[in-house]
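Undergrad:
2 protein chains.
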Amino acid sequence: MLSRERIATMALALLDDEGLETFSMRRLARRLGVGVMSLYRYYPSKDELFSELARQVFGAAPAEPAPGETWRECLVGLAVSFRRLLLAHPNALPLLFKHGGVPLRGRPAIEAMRQALKDAGLSEPEAADAWRAIGAYLVGYVTVERMTRSGASGGATPPPERDFPALARIAPYLKDSWDAQFVASLMVVLDGVTRLAEAGPCRPPVTASGTKGARSAR
Amino acid sequence: MLSRERIATMALALLDDEGLETFSMRRLARRLGVGVMSLYRYYPSKDELFSELARQVFGAAPAEPAPGETWRECLVGLAVSFRRLLLAHPNALPLLFKHGGVPLRGRPAIEAMRQALKDAGLSEPEAADAWRAIGAYLVGYVTVERMTRSGASGGATPPPERDFPALARIAPYLKDSWDAQFVASLMVVLDGVTRLAEAGPCRPPVTASGTKGARSAR
DNA sequence: ACCTGAACACCGTTCAAGT
DNA sequence: ACCTGAACACCGTTCAAGT
C-alpha cells in the first residue's frame, strides 16, 4: 500500500544513495515496485515531492539553547547543529535553495541565533549584519565542503552520524579536519561579532570610506 | 560555420536567458541553426561544454590590488570584485561547484587575498582560517542572494553591470541594499580578521573549550 | 478508492551514413 | 573535413482506462 510517507521515505533513501542528478520518478517507482503514475496520486509533481523532502530534511527540530550559555557558546552550538543538519543528507542540500519554501525565518533555531546576538549587546541593524555574516558563512562553508569532499559530485558521503555529547567533550569531533576548520573559521567570524559588540550600541554605520579601493571586476 | 567559440558564446547566452534547468543541447543546436550532433564535433559531451563555460565565466582576469592599499581595502576590493564576477552570470553559479576544475587556488586574486592576510600580520594557520571564513562568506552570500533575489529560480536577473570607479566614490553603489548588506556583513568578518591580527602571531589555536555547549542536531 | 499502460513531448549520446 | 538523421535508452506528465 502506497502513502505520502512511504514515498517520501523511499525518495530520501534514493536521493542519499544515488544523488540528485540521477534521481527520477521512474526510478523511485521501480524501487517501490509500482508504476510511475501511482506516485502522482500522492504528489502532483516531482517539484511537490522535492518540497516535501526539503521540509523533512531541513525542518528537523533544531537544538535548544542550553541555559547559562554565553552568546558565543550558543552561536557555536547552533552553527555546529546547522552544519550537521545540512550534512546529514548532503545530496539534498540543493533542495534548500530551489525549494526554499522552508520557513527559515520563523524557526526557533534562527530566533535563538538572533537572540544570542542581542545578548551580545548588538543593536537591531548590527544584529542583522552579524546574522547575515554568520548565515552566509554557514551556507558557504557547507557548500564548499560538500563540493570538495571526496570528488566533485554524486557519491553518497556518509556523514559522521554519531551523537556527540551535549557537554564539553567534543574534542574528538574536532579531530576531523573539516569539522575543526569549520569551527576555527567560525571563530574568526564570531570575533568580528565580539568587536561589533565592544564598539557599543552607538557605533556609526558602515560608510563609503570603509570600502575605498574597491575595484571593478574585469 | 561552427566553432568551439561560437558554440560556447551561444551556450552562455542561452544559459543567461533561460536558466540552467531548461538548458539542453537540442535547444542550443536549434538556436545555432544546426543539428544537435554537430555540437559533438566540438565538445565531446554536455559536461565538457559546461566545463568550458565555467572556465570562461569564472576564469576572468581578477582585479589587481592597487598600490598603497591597506590589507582591509584590498580584501574588500577583492571580495566586491568576486561577487560581481559571480553575479555577472547568475545562472552559471552552480557550474562553479559541479565543474570545479577551475583552478581557484593558483589564481592571482586568490594569492592577492592570501597576501593581504599576511600583510595583516597573520601567521600561516591563522591566515588559512581567515581565508576560509572570507571564502565561505563570499560563496554563501552570493548563493543566498541568487536564490532569494526575485523569486526562486531561473529568470535572468541582470546584474548592475555599470563600472564603478577604482577610487573612493562607491557610495551610489551602496544604495542597492544587497550590495550594501554584502559590504556591511563583510565588515563583520573582517573585524574578526583584525582581532586575529591584534592578538599577535602566537595566539593559541582554538580549543575544545571554545565550543562548549555544542548540541546534537535532532 | 487505488493503481496503471499507452502516449506525448522532451532528454544526452552512439553510430553509421551523407555532402 | 564538416555536418546529420535515425535510433536507443532515458525523462516528467496527461489522459483515459483498468481493478
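Listed in order, the protein sequences are those of chains C and R.
Numbers given in this note's numbering equal positions in the first sequence, counted from 1, plus 1.
Numbers given in this note's numbering equal positions in the second sequence, counted from 1, plus 1.
C-beta atoms are modelled at their ideal positions from N, C-alpha and C, and glycine is treated no differently.
Keep in mind the model is a prediction, meaning the values are calculated, not measured.
Would you give the residue range spanned by the alpha helix (DSSP H) that R42/R belongs to?
TA: R42/R -> no alpha helix (DSSP H), and no H or E assigned at all.
Undergrad: Determine which residues of the segment 121-136 of chain R have a Cβ less than 9 Å from any Cβ of chain C, and write them out in chain order.
TA: For the segment 121-136 of chain R, which is checked against every Cβ of chain C, the residues closer than 9 Å are P126, E127, A129, D130, A131, W132, R133, A134, I135 and G136.
Undergrad: Taking Cβ-Cβ distances shorter than 9 Å, what residues in chain R pair up with T225/C?
TA: Residue 225/C is absent from the model: chain C starts at 2 and stops at 219.
Undergrad: Look at R5/R and Y43/R and say whether their C-beta atoms are less than 8 Å apart.
TA: Yes.
Undergrad: By DSSP, does M2/C sit in helix, in strand, or in coil?
TA: Three-state DSSP puts M2/C in coil, outside helix and strand.
Undergrad: Using the C-alpha atoms, what's the distance from D180/C back to L187/R?
TA: Using only the alpha carbons, I get a separation of about 23 Å.
Undergrad: Count the other CB atoms within 10 Å of the CB of D130/R; is the residue buried (16 or more) or exposed (fewer)?
TA: That one is buried.
Undergrad: Is V190/R near A134/C, with beta carbons less than 8 Å apart?
TA: Yes, Cβ-Cβ distance for V190/R and A134/C is below 8 Å.
Undergrad: Give a yes or no on whether 8 Å exceeds the smallest Cβ distance from V58/C to chain R.
TA: Judged by the 8 Å Cβ criterion, V58/C is not in contact with chain R.
Undergrad: By a C-beta neighbour count over all protein chains shown, 10 Å radius and 16 as the cutoff for buried, is D192/C buried or exposed?
TA: D192/C is buried by the Cβ-count criterion.
Undergrad: L54/C CB to nearest chain R CB: under 8 Å?
TA: Answer no: the Cβ-Cβ gap between L54/C and chain R never drops below 8 Å.
Undergrad: Could you spell out the range, first to last residue, of the alpha helix (DSSP H) harbouring E49/C?
TA: Run containing E49/C: K47 to F59, per the alpha helix (DSSP H) assignment.
Undergrad: Closer than 7 Å by beta-carbon distance: list the chain C residues that pair up with Q116/R, in chain order.
TA: The premise fails here: Q116/R is roughly 15 Å from chain C at the closest Cβ pair, so nothing lies under 7 Å.
Undergrad: Please report the straight-line C-alpha distance between G220/R and G20/R, rounded to a whole angstrom.
TA: Residue numbering for chain R in the displayed model covers 2 to 219; residue 220/R lies beyond these limits and cannot be assessed.
Undergrad: Find out if the Cβ-Cβ distance for the pair R84/C, L139/C is shorter than 8 Å.
TA: Yes, Cβ-Cβ distance for R84/C and L139/C is below 8 Å.
Undergrad: How is S124/R classed by DSSP in three states: helix, strand or coil?
TA: Three-state DSSP puts S124/R in coil, outside helix and strand.
Undergrad: L86/C to G34/R, Cα distance in whole Å?
TA: Answer to the nearest angstrom: the Cα atoms are 47 Å apart.
Undergrad: Quick check on the burial criterion: 16 or more other C-beta atoms within 10 angstroms. Buried or exposed for S39/R?
TA: Classification for S39/R: exposed.
Undergrad: Is it true that the CB of A198/C sits closer than 8 Å to the CB of A221/C?
TA: Because chain C is modelled from 2 through 219, residue 221/C falls outside the range shown and cannot be assessed.
Undergrad: Grab the span of the alpha helix (DSSP H) containing T195/R for me, first residue to last.
TA: S178 to E199 is the extent of the alpha helix (DSSP H) around T195/R.
Undergrad: Let me confirm a value: S82/R is counted as buried when at least 16 other C-beta atoms fall within 10 Å, else exposed. Which label applies?
TA: Counting Cβ neighbours within 10 Å, S82/R comes out buried, since at least 16 surround it.
Undergrad: Identify, in the order they occur along the chain, each residue of the same chain with its Cβ nearer than 8 Å to the Cβ of I8/C, setting aside the five sequence neighbours on each side.
TA: The answer, listed in chain order, is L29, L33, L40, Y43, Y44 and L50.
Undergrad: Any residues in the segment 183-199 of chain R with a beta carbon nearer than 9 Å to a beta carbon of chain C? Which ones, in chain order?
TA: Going along the segment 183-199 of chain R in chain order, one finds F183, V184, A185, S186, L187, M188, V189, V190, L191, D192, G193, V194, T195, R196 and L197 with a Cβ nearer than 9 Å to chain C.
Undergrad: Where do the N-terminal and C-terminal ends of the alpha helix (DSSP H) with G69/R fall, by residue?
TA: Segment: none, G69/R is in no alpha helix (DSSP H) and carries neither H nor E.
Undergrad: I need the DSSP call for M11/R, collapsed to helix, strand or coil.
TA: M11/R: helix per DSSP, three-state reduction.
Undergrad: Can you give the Cα-Cα distance for T10/C and R31/R, rounded to whole angstroms?
TA: In a straight line, the C-alpha of T10/C is about 40 Å away from that of R31/R.
Undergrad: If V143/R sits next to L88/R, beta carbons under 8 Å apart, how far is it from one beta carbon to the other, in whole angstroms?
TA: Correct: roughly 7 Å between the Cβ atoms.
Undergrad: Please report how far the alpha carbon of R147/C lies from the alpha carbon of P68/R, in whole angstroms.
TA: Going by the C-alpha atoms only, they are around 37 Å apart.
Undergrad: So, with DSSP's three-state summary, where would you put F83/R?
TA: Helix.
Undergrad: Please decide whether S154/R counts as near chain C, where near means a Cβ-Cβ distance under 8 Å.
TA: Annotation note: pLDDT 39 at S154/R (below 50); position unreliable, no value reported.
Undergrad: Quick one: Cα of V145/R to Cα of S46/R, how far?
TA: In a straight line, the C-alpha of V145/R is about 30 Å away from that of S46/R.
Undergrad: Who are the Cβ neighbours of E53/R in its own chain at under 6 Å, not counting the five residues just before and after it?
TA: Answer for E53/R: A9, listed in chain order.
Undergrad: Answer with buried or exposed for T195/R, where buried requires no fewer than 16 other C-beta atoms within 10 angstroms of its C-beta.
TA: Its Cβ being crowded by 16 or more others within 10 Å, T195/R is buried.
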